[in-house]
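Offset between the sequence shown (1-based) and the numbering used here: plus 73. Backbone N, C-alpha and C fix where the C-beta goes; we use that ideal spot for every residue, glycine too.
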Amino acid sequence: MKNSPIFLLSLGLLSALFFSATFLINKVIANEGGHWFYSGSLRYFYTIFFISILLILYKGLAYYKSVLLEYLQNFRFWTIAGSIGFGIFYSMICFAAEYSPAWVLVTTWQLTIFASIFVLVLFGKKLNKITILSSILVVVGITIVNLSHFELSNIDSLLYSILPIVLAAFAFPYGNQMVWEEKKKRDASVLNNSFSKVFLLTIGSSPLWLVLFLFLEVGKPSGSQLINVAFISILSGVIATSIFLYARSKADSSSKIMLVDATISGEVIFTLILEVVFLNAMFPNMIGLLGMGITLVALFIMVYFDKSKV
Numbered sequence: 074m075k076n077s078p079i080f081l082l083s084l085g086l087l088s089a090l091f092f093s094a095t096f097l098i099n100k101v102i103a104n105e106g107g108h109w110f111y112s113g114s115l116r117y118f119y120t121i122f123f124i125s126i127l128l129i130l131y132k133g134l135a136y137y138k139s140v141l142l143e144y145l146q147n148f149r150f151w152t153i154a155g156s157i158g159f160g161i162f163y164s165m166i167c168f169a170a171e172y173s174p175a176w177v178l179v180t181t182w183q184l185t186i187f188a189s190i191f192v193l194v195l196f197g198k199k200l201n202k203i204t205i206l207s208s209i210l211v212v213v214g215i216t217i218v219n220l221s222h223f224e225l226s227n228i229d230s231l232l233y234s235i236l237p238i239v240l241a242a243f244a245f246p247y248g249n250q251m252v253w254e255e256k257k258k259r260d261a262s263v264l265n266n267s268f269s270k271v272f273l274l275t276i277g278s279s280p281l282w283l284v285l286f287l288f289l290e291v292g293k294p295s296g297s298q299l300i301n302v303a304f305i306s307i308l309s310g311v312i313a314t315s316i317f318l319y320a321r322s323k324a325d326s327s328s329k330i331m332l333v334d335a336t337i338s339g340e341v342i343f344t345l346i347l348e349v350v351f352l353n354a355m356f357p358n359m360i361g362l363l364g365m366g367i368t369l370v371a372l373f374i375m376v377y378f379d380k381s382k383v
């Protein structure tokens, strides 16, 4: 049951629900003038703090020390994986939030589904044609959802939002796949715990944030930004990422990995719902609802036509 497509799909969509909070809250922070650097770096600072408490309370101090030892013994790996999968990924998302509406960012972020295909192939995985075609169908559905209420904006602003998200879309699955491959190569108990992996990737991204701090003029974060980023850290950094990595670790085939990665498409649907409920946004028209339906059908196809094993 723990590696069945239905179970993995449910976990992936649950993580997408919590991930969607990131785009909305980051946009609120950007509208208030908060610097994107603090939106990113503070999230990971909070994440380290929260997960440290959780690991000590539920796993004990000895286990927490073993996680720190894992980081020190494999410093190079976690720095590279964390900087790519967490650092580059999230810094680009926060940067783009200053230039584009949340729904545009979420739409562009669906490129991660395509990026996952290339990343898996790069790591020597094989994907069946149904997985590839259904992942493309997911993107088509999400595109229709957003084209249903698309408005032409400033081209420069779109480029500043699209290009960073494209980079983030490739960085996120690449960093996650590095951890997946590492788990297969060696028997380390901490690699079987989702919170531990989030903790290690977060610490691993720290050198990148330090470099950015040294080269950017960032000023000081406001009290509102400190609070908003704390909410993002709990909802997305701790809850969503841990659920997502857990689901990915239970995937025992390339198609199931793609299924989990494809559930990020749910972020668009959840973001639209949250915008309608909390920000009084206009509900999607019939074309938008059609796009949502296409997305759900594509995920259904992924669930029932998984054949390949890693």
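Contact set for residue i: own chain, Cβ-Cβ below 6 Å, skip 5 residues either direction
{"i": "A103", "result": "A170 and E171"}
{"i": "A303", "result": "Y119"}
{"i": "L210", "result": "A371"}
{"i": "S88", "result": "A313, I316 and F317"}
{"i": "L115", "result": "V302"}
{"i": "L240", "result": "M165"}
{"i": "E255", "result": "none"}
{"i": "K293", "result": "none"}
{"i": "G248", "result": "A154, I157 and G158"}
Coarse secondary structure for residue i, derived from DSSP in three states
{"i": "L289", "result": "coil"}
{"i": "N265", "result": "helix"}
{"i": "N249", "result": "helix"}
{"i": "V383", "result": "Because V383 sits at a pLDDT of 43, beneath the cut-off of 50, its placement in the model cannot be relied upon, and the point is left open."}
{"i": "S93", "result": "helix"}
{"i": "E171", "result": "coil"}
{"i": "Q183", "result": "coil"}
{"i": "G197", "result": "coil"}
{"i": "F356", "result": "coil"}
{"i": "E105", "result": "coil"}
{"i": "G133", "result": "coil"}
{"i": "L372", "result": "helix"}
{"i": "S208", "result": "helix"}
{"i": "P78", "result": "helix"}
{"i": "R116", "result": "helix"}
{"i": "N99", "result": "helix"}
{"i": "S221", "result": "coil"}
{"i": "P280", "result": "helix"}
{"i": "S125", "result": "helix"}
{"i": "S189", "result": "helix"}
{"i": "S295", "result": "coil"}
{"i": "R259", "result": "coil"}
Outcome for residue i when other beta-carbon atoms lying within 10 angstroms are tallied against a minimum of 16
{"i": "S328", "result": "buried"}
{"i": "M365", "result": "buried"}
{"i": "Q183", "result": "buried"}
{"i": "A135", "result": "exposed"}
{"i": "V333", "result": "buried"}
{"i": "V350", "result": "exposed"}
{"i": "K382", "result": "Its pLDDT being 44, under 50, K382 is placed unreliably by the model, and the measurement read from it follows with that caveat. Under this definition K382 is an exposed residue."}
{"i": "E348", "result": "buried"}
{"i": "R321", "result": "buried"}
{"i": "L195", "result": "exposed"}
{"i": "S297", "result": "exposed"}
{"i": "I98", "result": "buried"}
{"i": "E105", "result": "exposed"}
{"i": "K198", "result": "buried"}
{"i": "F386", "result": "Since the first residue of the chain shown is 74 and the last is 383, residue 386 is not available in this structure."}
{"i": "I367", "result": "buried"}
{"i": "F286", "result": "exposed"}
{"i": "F148", "result": "exposed"}
{"i": "I215", "result": "buried"}
{"i": "V179", "result": "buried"}
{"i": "V291", "result": "exposed"}
{"i": "G107", "result": "buried"}
Cut-off 7 Å between Cβ atoms - residues of its own chain near residue i, not counting five sequence neighbours on either side
{"i": "L363", "result": "I217"}
{"i": "K202", "result": "none"}
{"i": "E143", "result": "A261, V263 and L273"}
{"i": "I124", "result": "F268, V271, F272 and V311"}
{"i": "F356", "result": "V349"}
{"i": "L81", "result": "A320, K323, A324, K329, L332 and V333"}
{"i": "A175", "result": "F96, L97, K100 and T344"}
CB-CB length for residue i against residue j, believed under 8 Å
{"i": "S234", "j": "S173", "result": "3 Å"}
{"i": "T181", "j": "I238", "result": "4 Å"}
{"i": "W151", "j": "I276", "result": "7 Å"}
{"i": "I374", "j": "S221", "result": "Contact doesn't hold; Cβ gap of about 22 Å is too wide."}
{"i": "N301", "j": "V101", "result": "6 Å"}
{"i": "A244", "j": "I330", "result": "With 8 Å as the limit, A244 and I330 do not qualify as a contact, their Cβ atoms being about 17 Å apart."}
{"i": "L308", "j": "F91", "result": "5 Å"}
{"i": "A324", "j": "N76", "result": "7 Å"}
Contacts around residue i, its chain only, beta-carbon distance under 8 Å, and the 5 residues preceding and following it disregarded
{"i": "V212", "result": "Q183, L184, I186, F187 and S338"}
{"i": "M251", "result": "F150, I153, A154, I157 and G158"}
{"i": "F191", "result": "F243"}
{"i": "E139", "result": "Just to set this straight, residue 139 is Ser in the shown sequence, not Glu. Contacts found: S262 and V263."}
Check: residue i C-beta below 7 Å from any heavy atom of the ligand GTP
{"i": "P174", "result": "Because no ligand of any kind appears in the structure shown, any question about the ligand GTP cannot be addressed here."}
Quiz item: Taking only runs of the alpha helix (DSSP H) that begin and end inside the segment 302-369, which ones reach a length of at least 4 residues, in chain order?
Solution: 314-323, 327-335 and 339-351
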